[in-house]
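> Just so you know, the sequences run in chain order A and B.
The working numbering puts the first residue of the first sequence at 3, with every later residue one more than the last.
The working numbering puts the first residue of the second sequence at 776, with every later residue one more than the last.
Built from N, CA and C at the ideal position, the CB exists for glycine as well.
Quick caveat, the model's predicted, so the values are computed rather than measured.
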Amino acid sequence: MRSTRSLRGEAAIVGIAEAASPTGELPARGRTLEAQVIKAALDDAGLTLADVDGVAHADSSLDLAEFLSIAPAFTESTYTGGSGYELYVEKAAAAIATGLAETIVIVYAATPRSDRKQGLGGWVEPAGPRDEFEVPYGLGLMGSYALAADRHMSQYGTTEEQLASIAVATRQWAGFNPMARFTDPLTVDDVLASPRICSPLHQLDCCLVTDGAGAIVVTSTERAKDLRNPVVPVLGAASLHSHNMIHAMPDLTVTPGAITGKRALDHAGVTAGDVGLLMGYDSFTITALLHLEDLGFVPKGEAGAFVADGNTRPGGSLPMNTNGGGLSYTHPGMYGIFLLTEAVRQLRGAAGARQIQDLEIAVAHGSGQFLSAMSTVVLGTEAAL
Amino acid sequence: MSRNEFAPLPSAATARYWAATRERRLLLQWCPNCERHVHHPREACPGCLSTELQWRESAGRGTVHAVSVHYRPFAPMTAEDCPYAVAFVDLEDGVRFLANVTADDLEAIRVGDPVSLQWSPIADGYHLPVFHANAH
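1) Do the stretch 41-54 of chain A and the stretch 128-140 of chain A touch if we need at least three Cβ pairs shorter than 8 Å?
2) Going by C-alpha distance, which of A:Ala-103, A:Gly-142, A:Arg-31 is nearest Tyr-859 of chain B?
3) So Val-379 of chain A packs on Ala-266 of chain A, CB below 8 Å; how close in whole Å?
4) Give, in chain order, every residue of the stretch 842-863 of chain B whose Cβ lies closer than 8 Å to some Cβ of chain A.
5) With a 10 Å radius around its C-beta and 16 neighbouring C-beta atoms as the bar for buried, classify Gly-869 of chain B as buried or exposed.
6) Would you verify that the beta carbon of Val-886 of chain B is, or is not, closer than 8 Å to some beta carbon of chain D?
7) With a CB to CB cut of under 6 Å and the five nearest residues on each side skipped, what residues in its chain are close to Trp-805 of chain B?
8) Assuming contact is defined by CB atoms lying nearer than 8 Å, are Thr-332 of chain A and Ala-22 of chain A in contact in what I supplied?
9) What's the C-alpha gap between Pro-821 of chain B and Leu-229 of chain A?
10) CB-CB under 6 Å to Ala-954 of chain B, same chain, minus the five flanking residues each way: which ones, in chain order?
11) If Val-329 of chain A and Cys-200 of chain A are in contact, beta carbons under 8 Å, what's the gap, nearest whole angstrom?
12) Spell out whether any CB of chain A is found under 8 Å from the CB atom of Ala-795 of chain B.
13) In whole angstroms, give me the CA-to-CA distance for Gln-164 of chain A and Gln-157 of chain A.
14) Looking at Ala-345 of chain A and His-243 of chain A, is the spacing between their C-beta atoms short of 8 Å?
15) So Asn-875 of chain B contacts chain A; which residues on that side make the cut at Cβ distance below 7 Å?
16) Ordered along the chain, which non-local residues of its own chain (more than five positions away) have a Cβ less than 6 Å from that of Gly-312 of chain A?
17) Going along the chain, which residues of its own chain have a beta-carbon closer than 7 Å to the beta-carbon of Tyr-901 of chain B, five neighbours each way excluded?
18) Applying the criterion that 16 or more other CB atoms from any shown protein chain within 10 Å of the CB defines a buried residue, is Asn-779 of chain B buried or exposed?
19) Taking only the alpha-carbon atoms, compute the straight-line gap between Met-3 of chain A and Ala-96 of chain A and give it to the nearest angstrom.
20) Among the residues of its own chain, which have a CB less than 7 Å from the CB of Asp-152 of chain A, if the five just before and after it don't count?
21) Does the beta-carbon of Arg-799 of chain B have 16 or more other beta-carbons within 10 angstroms, so that it is buried, or is it exposed?
22) Residues of chain A with a CB under 7 Å from the CB of Phe-781 of chain B: which are they?
23) Name the chain B residues whose beta carbon is nearer than 9 Å to that of Ala-166 of chain A?
24) Closer than 8 Å, CB to CB, is Leu-918 of chain B near chain A or not?
25) Please say whether Ser-63 of chain A and Val-57 of chain A have beta carbons closer to each other than 8 Å?
26) So which residues of chain A does Thr-789 of chain B contact, with C-beta pairs closer than 7 Å?
27) So, at 6 Å on beta carbons, what are the nonlocal neighbours of Pro-197 of chain A in its own chain, with the 5 sequence-adjacent residues on each side left out?
28) Taking contact to mean at least 3 C-beta pairs separated by less than 8 Å, is the stretch 250-260 of chain A in contact with the stretch 293-308 of chain A?
29) Under 8 Å between C-beta atoms, does His-840 of chain B make it to chain A?
30) Ser-167 of chain A lies in the beta strand (DSSP E); which residues open and close that run?
31) Mind listing, in chain order, the continuous beta strand (DSSP E) runs of no fewer than 3 residues lying wholly within the stretch 844-905 of chain B?
Listed below in C-alpha cells is the structure:
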C-alpha cells in the first residue's frame with residue numbers, strides 16, 4: 003500500500019449517544035429513533051445540525067441527508083454488515099484529514115425485537131451465491147460461525163468451556179450497565195446447559211436480538227479542542243474484507259482482523275500491549291475469541307486459555323466489551339456503533355461503575371457478515387496524541 | 776417447505792452445474808488457463824478473468840474440514856429435518872465444498888473423517904449433492 007499522509011490524530015469523536023433498554027425494546031423506531039440519537043449526540047458534542055457537512059448510514063446516506071435537509075460534502079453508505087460503523091469512522095477521519103468535510107454524523111437504528119412482535123417484516127438477505135451453495139443445506143448465520151468454532155476447536159484444542167467463559171466474562175461486565183438486557187450472573191455450566199443450536203455453539207454463545215440505536219459525531223481534532231468533552235482522537239484505522247459467504251473464507255480460523263489489527267495499531271504507533279480496552283464485536287463467543295488472536299493480543303490458538311483464565315473480565319489484564327457486549331447488553335443486528343460509543347465513554351472517563359482506570363488506548367473492532375468484513379479503529383485520550 | 780422442496784434458481788453461470796445434478800453428476804468449474812478449479816461456479820476465473828471456463832466431474836470423495844450439527848432448523852430446513860449436519864468437505868479435487876453430511880450418529884462426525892457423495896432429490900428434478908460419513 004502506498005504510504006500517504008497519516009490520518010493519525012487528525013479527527014476526533016466528539017459526540018456519542020445510544021438507545022437501548024433492559025427489556026430489549028424501545029418505544030420509537032426508524033427515523034424517529036435516528037433523529038433522537040442524532041440530536042442527543044450533537045447535544046453531547048455541543049454542536050447543531052447546522053455544523054454537519056457529512057453523513058454515514060448503512061442503508062442510504064442520500065435518504066438520511068434528505069430527511070435532515072442537509073447537503074453533505076461527505077456521504078457514505080458502504081454496506082459491510084456490523085463493521086460498517088468502524089469503517090465509517092475510518093472514512094470520516096480520512097475525509098476530515100484531507101479537508102473534504104469537517105463534521106460528520108454516523109447513525110444507526112434498528113428495532114428487530116419490537117418489529118417481530120408487531121408482525122413487521124424483518125431484514126431480508128440480498129440474493130447471491132449463498133442462495134444456491136449454502137442456503138439449500140440449511141446453513142444460516144449461526145451455523146457459519148459454528149463451523150469456524152468447530153475448526154478452531156479441532157485445530158487448536160479450544161473447548162466449549164473456553165468459549166462459554168467469554169459469555170460469562172461479558173455478563174460480568176453487563177452487571178455494571180443498567181441499560182443491559184441481561185445482568186444476572188452466568189456460569190460456564192449455564193452456557194453449556196443452554197440449548198445446543200448449532201454445535202459446538204449453544205444459545206448463550208449467541209448474541210441477543212434487541213432494539214437499539216446509536217449516533218456518533220466526528221470532527222477535526224482542532225475543532226474538538228474547543229468543544230466541551232475530553233478529546234478522543236482517532237489514532238489509527240484499517241479495514242479489509244476477505245470474502246462474504248463463509249464458503250469463500252480462505253481459512254476458517256483466521257479473520258481479516260489479522261491484517262486490519264496490525265495495520266491500525268501500526269498506524270496509531272502503538273502495540274497490542276498498549277491497549278487497555280478491547281471493544282471486539284461479539285456476535286458469537288467464537289467471534290470475540292478470534293479477535294483476541296487476530297489482533298495480536300495472544301498468539302493464534304491461545305485465546306481459549308486466555309479467556310478461561312479470566313483475562314477479559316472485570317479486573318482482568320485486558321478488559322473486553324465492558325458494556326456487556328452483543329452477548330448481554332444489546333444487539334439490534336449491526337452492533338458496531340456500540341463498540342465505538344463505549345470506547346469513547348471509557349476514554350472520557352465517563353463509564354461510571356465500569357470505568358477502567360488510567361485508560362489511554364482503546365480499540366473498537368467491528369466484524370461484519372460471516373467473519374467477512376472487519377474494521378479496526380484505535381482511539382485514545384488527548385494525552386496519546 | 777422442506778429441503779426436498781427446495782428449488783434452485785440457476786444463473787447463466789450455474790445452469791450447467793444444476794443440470795448435471797438431474798443425472799446425479801457433480802460438476803466442478805475448471806479454468807484450463809490457470810489449471811485450477813473455480814468454486815463456487817461463476818462467470819469468470821478469479822485468477823485470470825477468463826470467461827472460457829470448463830467443467831470437470833468430481834468423484835465426490837473427500838474429508839470433513841469442519842462440521843456443525845443443527846438442532847434448530849434454518850430455512851429451507853424444517854423441524855422434521857432436525858437434527859442435521861452441515862459440513863465443509865475438502866474434496867480430493869482440491870475444492871472446499873459445503874453440504875449436509877449424513878451418519879447414523881451425527882455427533883460422532885469429526886474433522887478428517889472420510890465422506891462420499893450421495894444425492895438427495897429436490898424440486899424440479901434436480902438433486903442436491905450431500906455426503907455420507909462412512910465411519911459412522
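Working from what's here:
1) No, they do not touch.
2) A:Gly-142
3) 7 Å
4) Val-842, Ser-843, Val-844, His-845, Tyr-846, Arg-847, Pro-848, Phe-849, Ala-850, Pro-851, Met-852, Asp-856, Tyr-859, Val-861, Ala-862, Phe-863
5) So Gly-869 of chain B ends up on the exposed side.
6) The question asks about chain D, but that chain is absent: this structure's protein chains are A and B.
7) His-812, Gln-829, Arg-831
8) yes
9) 49 Å
10) The structure shown does not extend to residue 954 of chain B, since chain B is modelled only from 776 through 911, so no value can be given for it.
11) What sits at residue 329 of chain A in the sequence shown is Leu, not Val. About 16 Å; that fails the 8 Å criterion.
12) no
13) 15 Å
14) no
15) Simply Tyr-139.
16) Gly-318
17) Pro-783, Trp-793, Thr-796, Arg-797
18) exposed
19) Unreliable placement is indicated for Met-3 of chain A, whose pLDDT of 48 sits below 50; no coordinate value is reported for it.
20) Cβ neighbours of Asp-152 of chain A within its own chain (closer than 7 Å, five residues either side excluded): Pro-202.
21) exposed
22) Pro-138
23) Going along chain B, no residue has its Cβ under 9 Å from Ala-166 of chain A, so there is no contact; the nearest lies around 17 Å.
24) Residue 918 of chain B falls outside the range modelled here, since chain B spans only 776 to 911, and no answer is possible.
25) yes
26) Against Thr-789 of chain B, the close residues of chain A are Glu-134, in the order they occur along the chain (beta-carbon pairs closer than 7 Å).
27) Gln-205
28) yes
29) Judged by the 8 Å Cβ criterion, His-840 of chain B is in contact with chain A.
30) That residue, Ser-167 of chain A, is in no beta strand (DSSP E); its alpha helix (DSSP H) goes 162-176.
31) 859-866, 871-877, 889-896
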